[in-house]
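Residue numbers (the numbering used here): 327 to 702. Note that the Cβ used here is the ideal one computed from N, Cα and C, for glycine as well.
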Ligand code: BMA
């Protein structure tokens with residue numbers, strides 16, 4: 327393959343390696359106990375798995391909702407069921423370019439504070455990352471005509487230099503996250519997700535399996551070099567048809583703690599049967615592999631955008647959770663209506679889906695913040 331140098335990637339060489347004021351060192355985060363923060367979180371999740379309960383998670387939950395943005399102490403979930411989610415999910419997009427806010431305008435400082443608050447509630451935090459394309463500098467969703475991953479994992483290329491810098495910045499941020507007592511904050515990281523589709527530059531159709539796996543190796547190496555011992559790693563393909571397909575890009579047991587699946591319900595009522603089938607083929611594969619390997623399984627992203635199926639939480643999600651008992655389920659964000667209209671996955675006050683969501687909240691298998699004692 328021809329290795330093309332882009333102006334943007336070359337510029338990566340000139341970028342500062344770290345962003346000011348947000349660095350962590352391995353000495354700072356090294357655990358003196360025999361069990362690491364990540365190990366403790368893993369034990370907790372194993373207990374949840376054994377109990378058959380499912381922690382409910384929501385992306386960007388306490389930082390904005392359909393009718394508000396940036397207030398403190400709010401959450402559409404809290405304002406509909408009277409309880410925060412048991413898991414809060416976040417995205418690191420734009421940490422790579424030292425931005426103060428992420429790709430959805432969430433300040434990284436606020437994110438760090440909210441993560442510590444969620445940890446204090448006894449809850450769990452998880453993170454995805456939609457970094458820019460290191461070849462073009464465009465966002466992660468822009469169609470690609472170059473095998474960017476192979477460029478980025480090949481030593482000596484500008485894309486490789488850029489990605490190293492970006493991984494270092496992501497690792498610095500993750501190392502800087504502390505709980506209220508100043509101890510490293512445990513969290514779940516789900517890098518390079520949905521690789522079974524081609525919409526991200528790291529997607530399987532845009533590269534080779536070998537290069538994709540090297541991307542995980544490079545990520546892990548960068549994080550290990552920073553001494554990060556507070557991270558569990560989740561592997562999450564989008565919809566696949568079989569266990570073999572699910573495992574196509576699997577980087578190896580030593581890289582993955584959680585077998586995940588990202589499976590969205592699309593096309594409203596018409597799409598319901600298709601969603602159940604996609605859950606069976608994709609989440610079914612994740613659960614089967616997790617059982618074989620003694621790992622955790624989770625439904626790492628799902629949801630029905632704008633809830634045209636108003637009782638989706640009780641008619642669709644709850645039966646799936648009862649069938650498969652994932653350790654957690656994460657639904658995507660409640661986009662603010664002035665910034666991204668009709669892009670929400672949890673009901674908000676006044677939405678017709680609130681009753682179904684309350685029933686879901688009250689069900690004995692779902693765990694929200696107030697019930698986290700059950701999984702201590
Ligand atoms: C997508 C959409 C985008 C958002 C991105 C990262 O699914 O919600 O609007 O920027 O996730 O959170």
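Proximity winner among the options, relative to residue i (alpha-carbon distances)
{"i": "residue 366", "options": "493, 387, 511, 390", "result": "511"}
{"i": "residue 562", "options": "416, 541, 586", "result": "586"}
{"i": "residue 507", "options": "441, 631, 581", "result": "441"}
{"i": "residue 565", "options": "577, 481, 588", "result": "588"}
{"i": "residue 614", "options": "391, 490, 650", "result": "650"}
{"i": "residue 419", "options": "575, 385, 465, 393", "result": "465"}
{"i": "residue 518", "options": "552, 576, 569", "result": "576"}
{"i": "residue 559", "options": "484, 453, 479, 596", "result": "453"}
{"i": "residue 455", "options": "374, 629, 492, 449", "result": "492"}
{"i": "residue 569", "options": "430, 688, 605", "result": "605"}
{"i": "residue 630", "options": "672, 487, 680", "result": "672"}
{"i": "residue 362", "options": "488, 509, 523", "result": "509"}
{"i": "residue 680", "options": "443, 618, 634", "result": "634"}
{"i": "residue 578", "options": "619, 428, 689", "result": "619"}
{"i": "residue 376", "options": "567, 641, 617, 469", "result": "617"}
{"i": "residue 641", "options": "591, 436, 425, 432", "result": "591"}
{"i": "residue 528", "options": "434, 490, 472, 514", "result": "472"}
{"i": "residue 551", "options": "513, 609, 608, 490", "result": "490"}
{"i": "residue 515", "options": "595, 607, 567, 364", "result": "364"}
Neighbourhood of residue i by C-beta, 7 Å cutoff - its chain only, sequence neighbours within 5 removed
{"i": "residue 693", "result": "379, 380, 381, 382, 412, 700, 701"}
{"i": "residue 482", "result": "none"}
{"i": "residue 691", "result": "378, 379, 380, 647, 648"}
{"i": "residue 549", "result": "497, 557"}
{"i": "residue 370", "result": "701"}
{"i": "residue 368", "result": "558, 583"}
{"i": "residue 612", "result": "572, 585, 586, 587, 623"}
{"i": "residue 448", "result": "698, 699, 702"}
{"i": "residue 678", "result": "636"}
{"i": "residue 523", "result": "529, 564"}
Residue i Cβ short of 7 Å to the ligand BMA heavy atom set
{"i": "residue 659", "result": "yes"}
{"i": "residue 430", "result": "yes"}
{"i": "residue 666", "result": "yes"}
{"i": "residue 391", "result": "no"}
{"i": "residue 387", "result": "no"}
{"i": "residue 448", "result": "no"}
{"i": "residue 487", "result": "no"}
{"i": "residue 669", "result": "yes"}
{"i": "residue 456", "result": "yes"}
{"i": "residue 583", "result": "no"}
{"i": "residue 417", "result": "yes"}
Other residues of its chain near residue i: CB distance less than 6 Å, five sequence neighbours each side excluded
{"i": "residue 445", "result": "505, 511"}
{"i": "residue 637", "result": "682"}
{"i": "residue 358", "result": "Annotation note: pLDDT 49 at residue 358 (below 50); position unreliable, coordinate value reported separately. Excluding residues within five positions, none has a Cβ falling inside 6 Å."}
{"i": "residue 427", "result": "433"}
{"i": "residue 542", "result": "577, 581"}
Beta-carbon proximity of residue i to residue j, cut-off 8 Å
{"i": "residue 627", "j": "residue 656", "result": "yes"}
{"i": "residue 670", "j": "residue 661", "result": "yes"}
{"i": "residue 593", "j": "residue 621", "result": "no"}
{"i": "residue 624", "j": "residue 652", "result": "yes"}
{"i": "residue 659", "j": "residue 392", "result": "no"}
{"i": "residue 403", "j": "residue 384", "result": "yes"}
{"i": "residue 695", "j": "residue 409", "result": "yes"}
{"i": "residue 343", "j": "residue 494", "result": "yes"}
{"i": "residue 530", "j": "residue 521", "result": "yes"}
{"i": "residue 602", "j": "residue 643", "result": "no"}
{"i": "residue 467", "j": "residue 395", "result": "no"}
{"i": "residue 460", "j": "residue 474", "result": "yes"}
{"i": "residue 479", "j": "residue 547", "result": "no"}
{"i": "residue 500", "j": "residue 458", "result": "no"}
{"i": "residue 689", "j": "residue 632", "result": "no"}
{"i": "residue 421", "j": "residue 654", "result": "no"}
{"i": "residue 417", "j": "residue 435", "result": "no"}
Close-in-space but distant-in-sequence residues of the same chain around residue i (CB under 8 Å, 5 per side omitted)
{"i": "residue 476", "result": "327, 533, 534, 537"}
{"i": "residue 684", "result": "406, 407"}
{"i": "residue 372", "result": "622"}
{"i": "residue 353", "result": "Note on residue 353: pLDDT 30, under 50, position unreliable in the model; the coordinate value appears next. These residues qualify, in order along the chain: 553."}
Check: residue i C-beta below 7 Å from any heavy atom of the ligand FAD
{"i": "residue 372", "result": "Looking for the ligand FAD in the displayed structure turns up nothing; the ligands present are the ligand BMA."}
**Report entry** beta strand (DSSP E) runs contained entirely in the stretch 474-550, provided each spans 3 or more residues
**Finding:** Counting whole runs of 3 or more residues, the stretch 474-550 contains the beta strand (DSSP E) stretches 513-515.
Query raised in the report: Can you give, in chain order, each stretch of the beta strand (DSSP E) that sits fully within the stretch 550-590 and has at least 3 residues?
Result: DSSP assignment within the stretch 550-590 yields the following whole beta strand (DSSP E) runs of 3 residues or more, N-terminal first: 557-561.
**Report entry** Completely contained alpha helix (DSSP H) runs for the stretch 383-439, where each covers 4 or more residues
**Finding:** With a minimum length of 4 residues, the continuous alpha helix (DSSP H) runs that stay inside the stretch 383-439 are 402-407.
Query - Whole runs of the alpha helix (DSSP H) within the stretch 625-699, excluding any shorter than 4 residues - result: Here the runs fully enclosed are 644-650, 680-688.
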